[in-house]
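Working notes, structure below.
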Amino acid sequence: MVVSELKLTDRGDSRRRSGHLRLGPRDLALESSTARNGDVVDLLTQDGDFRGRGFFSREQSSVWVISESKVDVDLDYYRDRIGSALQRRRRILEGVLSYRLVHSDADFLPGLVVDRYGDYLVVQERHPTVEDHRDKIL
349 MVVSELKLTD
359 RGDSRRRSGH
369 LRLGPRDLAL
379 ESSTARNGDV
389 VDLLTQDGDF
399 RGRGFFSREQ
409 SSVWVISESK
419 VDVDLDYYRD
429 RIGSALQRRR
439 RILEGVLSYR
449 LVHSDADFLP
459 GLVVDRYGDY
469 LVVQERHPTV
479 EDHRDKIL
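Heads up: the sequence shown runs through residues 349 to 486, numbered per the working numbering.
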């Protein structure tokens, strides 16, 4: 897995330390980055300190933070996150056959929405990183 680096502005560093999970163009030093649309990125301070890993959208000039550690975004990552979402839903929706299985940011899977309708799943990919990782998700 290739991970690009993306520096935060002072504002972005402050927002990240405050717990913000979505960072916009004023939070990112885009001019100094070679990160491409859909890359998994490590967010770094101007001094190079690690502040999180996220999904980058150059189109939206934004990053959605997925972790405060350097997790591998591989098949196991998606399996664990989707499995956790399913366990939470099963506890409160016993016997219900139609529900939102994955709700994007709320399940730390930004840009991915999965709805269950009985035996069918409807998958929406709303972020370039998720589109690039389709083979790991499906």
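Idealized CB from N, CA, C, for every residue including glycine.
Predicted, not measured: the structure shown is a model, and the values here were computed from it.
Exclusion of the five residues before and after R359 leaves R374, D375 as the residues of its chain whose Cβ lies within less than 7 Å of its Cβ. When DSSP states are grouped into helix, strand and coil, Q435 belongs to the helix group.
Counting along the chain, the unbroken beta strand (DSSP E) around V461 starts and ends at 460 to 465.
Here F404 has A383, D387, V389, V411 as same chain residues with Cβ atoms under 6 Å from its own Cβ, once five neighbours each way along the sequence are excluded.
Counting of Cβ neighbours within 10 angstroms places I414 among the buried residues, the total reaching 16 or more. Looking at the DSSP output, D390 shares a beta bridge with E353, R401.
When DSSP states are grouped into helix, strand and coil, V478 belongs to the helix group. Close CB contacts of R429 within its chain, under the 7 Å cut and outside five residues either way in sequence, are with D455, F456, L457 (chain order). The Cβ neighbour count for D361, taken over all protein chains shown within 10 Å, is at least 16; the residue is labelled buried. Scanning its chain for C-beta atoms nearer than 6 Å, with the 5 sequence neighbours on each side dropped, one finds around P476 the residues N385, G386, S405, in chain order.
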